[in-house]
Structures are given as C-alpha cells and as structure tokens.
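Chemist: At position 198 of the sequence shown the residue is numbered 200 (my numbering), and the sequence of numbers has no breaks.
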Amino acid sequence: VIALDRAARIRVTKPYGEDALSRIMHLVEEAAERKAPAEQMMTRIARVYTPVVVALAALLAAVPTVLAAVRPDWGIAAPQWWYRALVFLVASCPCALVLSVPLSYFRGIGVASRRGILFKGSLHLDRAADIDTVVFDKTGTLTHGTVTVADGVESGTAGAFTVADDRTRSSAAPAVDALHRMGIRTVVLSGDERAKVEALAREIRLDEWHGALLPADKLTALEELIAAGKHTAYVGDGVNDAPVLARAHVGLAMGAEGTDAAVDTADAVLATDDLRRVPEALRIARRTRRLVWTNVALAVGIKLAVLVLSAFGLAGMWAAVFADTGVVLLCVAVVLLARFPAGAAQPADCEGEMRSESAEKS
Numbered sequence: 003v004i005a006l007d008r009a010a011r012i013r014v015t016k017p018y019g020e021d022a023l024s025r026i027m028h029l030v031e032e033a034a035e036r037k038a039p040a041e042q043m044m045t046r047i048a049r050v051y052t053p054v055v056v057a058l059a060a061l062l063a064a065v066p067t068v069l070a071a072v073r074p075d076w077g078i079a080a081p082q083w084w085y086r087a088l089v090f091l092v093a094s095c096p097c098a099l100v101l102s103v104p105l106s107y108f109r110g111i112g113v114a115s116r117r118g119i120l121f122k123g124s125l126h127l128d129r130a131a132d133i134d135t136v137v138f139d140k141t142g143t144l145t146h147g148t149v150t151v152a153d154g155v156e157s158g159t160a161g162a163f164t165v166a167d168d169r170t171r172s173s174a175a176p177a178v179d180a181l182h183r184m185g186i187r188t189v190v191l192s193g194d195e196r197a198k199v200e201a202l203a204r205e206i207r208l209d210e211w212h213g214a215l216l217p218a219d220k221l222t223a224l225e226e227l228i229a230a231g232k233h234t235a236y237v238g239d240g241v242n243d244a245p246v247l248a249r250a251h252v253g254l255a256m257g258a259e260g261t262d263a264a265v266d267t268a269d270a271v272l273a274t275d276d277l278r279r280v281p282e283a284l285r286i287a288r289r290t291r292r293l294v295w296t297n298v299a300l301a302v303g304i305k306l307a308v309l310v311l312s313a314f315g316l317a318g319m320w321a322a323v324f325a326d327t328g329v330v331l332l333c334v335a336v337v338l339l340a341r342f343p344a345g346a347a348q349p350a351d352c353e354g355e356m357r358s359e360s361a362e363k364s
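Next up, the structure:
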C-alpha cells in the first residue's frame, strides 16, 4: 500500500513470523534436519568405513615393505606396493556415497515443492514411498467445507424449501482414481452422519468409509489399520485431525485452508488444496527412492571393482580418480537428469471453483 495524498489505516492479522513466507522457511529448516533412513545409514557407514579403509591401505603398504626388508630374496618391490596402496586409498574415498544419497532426496523435495507439495524433510519423503493406504478426512478435505444450496422447490409463494449441502471437490474423484491405479487403498473417516459419508464414498469410489466418528474414534480407526500392517497416509485440514496426522506414517495437511494445528502437525503440506497432489506426492516419493538406490548401486559397484583391481595392481591412479571424483560427477548427473512423473494440470472446473470461493470470501 502506497499512501499518496491521505493516511492509510492497515489492520494486521498476524505478527511477523507467522505469515506464509515465514512458515515456508520454517518448513525448509525442518527439512534440513530430518534425514531419511538411507541418509542416516550412509552417515553411520562412513564413520566406520573411513578408518577401516585407511587401515587397509596402510597394511597394503606396510606388509610388503616389512617382507621386503625381512626376505629380500623374495624380490618384493616395496615402492610398487606403496603406489598400489595410494591408488586403493584414493579409490576408496566415500564422497560419492555420502553426497549422492542426500542429493537425491534434495532433488525429490525440490520437485515436490515446485508442484505445491512441501515435505518437512527427507525422512517423510522416504516414508511416503511405502504408503499403501490413504485415509481422508471428509469436511474441508474431500469437500469444500462450506454449505451451499444444493436443491430447492419453486412454488411461487412467499416461502422456500431448499436443501443445503457441502460440495465435493472436483479433484477428489480424479485423486482417488489415481491412487487406485497405483494399487493404494482409500478410506474416509468423518464425524458427519453415516448416510452422507456413504453417499460421498460411493460418489468418488472410495474403498472404505466410516461416519459419525469423534476425534478419538478416528485415531482408533487409524490404529486398527496400522495394526493390520498398513502403511498409512492421512489427509486432513482441521484441529481435530491433528492427532491422526501425527499418528499416521505420513500426515498431509491441506495448507491453503487448513488450520495452523494441522499444518504444524503434518509431515507434508499441500499448498493448493488440490487433492490430485496426494497421488503425485506418493509418485515423487517412489521415484526418489529408486533414484537413491540407483546411485548407491552405481557408486558401490564402481568403487568395489576399482578397489579389487588396485589391490592386485591392475588399476592405476587415473582409475582411482575416476572412482572418486568421476563417480561423484556421475551420481550428480544421474540426479539432475532423472525424470519425475509429470504433474497434474489444473482443469477448468477447478479454476472455476477457486474463483467462486474467492468471490464468496470477498
């Protein structure tokens, strides 16, 4: 606001630090701290791997040197073994393993964020790759959460008979269909009356529905799914969804209209309230998991081959440099060139709904 010829009165709704940009920056900071199991495993391996490799390289140089001094008649050339030990040491540098895994998760989080899916760390992105059951809240998630006139009777008298209902999001059915194609089961847990929940479940073809639930009942229903061995993701927007979002393997909050409690508790936030971002988030997670293990296999395979060859004098220093710096560059190239599933375009009816919602709010 630029006041040119008069004073402007501005009403502040939130203090500095609670605006959307600050919350996104907070999510980014959390993402840097929460590491996936693969990242943690590589860090633990590197702590043991480095001293072991240095010890092996020292033995590779020291043992032949001692033998050459003790038994000169054996004709052992100690400098030749020093060179082999140096090649072994250079080739065994774990840079490719340590860098390629977090870089893969960073790429996955970046792709997701550009599509309006904000993961709070690689840990949650990795867990999303295992999801086989997605549980939805109803009001404000599968529906808009605003009651509108759905039907009525025109009688020509001074009176009216109307039916009010909560409109289903146009992205709900496509999202459920996409999840089914991925082999993922869909469930709705709602506090609304059972007849309405059943009607919605049939409309968008959900696999399972439960109505007339209290917040504690929702948590119990989710616990039953987890006890049955299901890897669950919960999608919700309200304060009463916070306990279920926290208990699910992955909690996804509707960020545009969701409450602060839901957004803060969730493991990922859908910035656009487009439900098709749910299957898209899971596809990105699965692709990222494959990318991680592709890089691990590539780095380990090349390094093992060069290490064995260098120990027998069949690989020189250039091969060792390639096994170190070359493999790092190769893994970086694999990450940067990796193709992720195409994002869902926003259809015209979604745009119309967004415009109508904006008009209602104004």
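C-beta: ideal position from N, C-alpha, C; glycine also. Note that the structure is predicted; figures quoted are calculated from it, not measured.
Going along the chain, which residues of its own chain have a beta-carbon closer than 8 Å to the beta-carbon of E205, five neighbours each way excluded?
Modeler: Cβ within range, chain order: T170, A175.
Chemist: Between the Cα of L316 and those of Q82, A301, T274, spot the shortest distance and give me the residue it belongs to.
Modeler: Considering only alpha carbons, the answer is Q82.
Chemist: Alpha carbons only, please: which of A335, V336, R341, K305 is nearest the one belonging to F324?
Modeler: Measuring from the Cα of F324, the nearest candidate turns out to be K305.
Chemist: Give the DSSP-derived three-state secondary structure of E205 in the structure shown.
Modeler: Here E205 sits in helix by DSSP.
Chemist: Is it right to say T15 is buried, meaning 16 or more other beta carbons lie within 10 angstroms of its own, or is it exposed?
Modeler: The residue is exposed, with fewer than 16 neighbouring Cβ atoms inside 10 Å.
Chemist: Could you pull the DSSP bridge partners for R187 from this structure?
Modeler: BP columns for R187 point to T135.
Chemist: Measure from the alpha carbon of A70 to the alpha carbon of each residue in I78, A64, R86, then state which is nearest.
Modeler: Nearest option by C-alpha distance: I78.
Chemist: Per DSSP, what kind of secondary structure is A80 in: helix, strand or coil?
Modeler: Of the three classes helix, strand and coil, the one that applies to A80 here is helix, per DSSP.
Chemist: Can you give me the C-alpha to C-alpha distance between T141 and T188, rounded to a whole angstrom?
Modeler: Distance between the alpha carbons of T141 and T188 is about 16 Å.
Chemist: May I ask which residues mark the beginning and end of the alpha helix (DSSP H) holding L125?
Modeler: Its alpha helix (DSSP H) spans residues 124-130.
Chemist: Is E195 helix, strand or coil when you go by DSSP?
Modeler: DSSP places E195 in coil when its eight states are reduced to three.
Chemist: For the candidate residues P343, V55, L300, T274, whose alpha-carbon lies nearest to that of S173?
Modeler: The residue with the shortest Cα to Cα distance from S173 is T274.
Chemist: Kindly give me the distance between the Cβ atoms of R109 and A340, rounded to whole angstroms, as I take these residues to be in contact under 8 Å.
Modeler: Rounded, the Cβ-Cβ distance is 7 Å, consistent with contact.
Chemist: Considering only C-alpha positions, which residue in the set D269, Y107, V199 is nearest to A244?
Modeler: Checking every option, the nearest Cα to that of A244 belongs to D269.
Chemist: From this set, A307, V294, L284, L277, which residue's C-alpha is nearest T145's C-alpha?
Modeler: Selected option, being the one with the closest Cα: L277.
Chemist: Starting from I4, trace the alpha helix (DSSP H) both ways and give me its first and last residue.
Modeler: Neither: I4 is in no alpha helix (DSSP H) and is coded neither H nor E.
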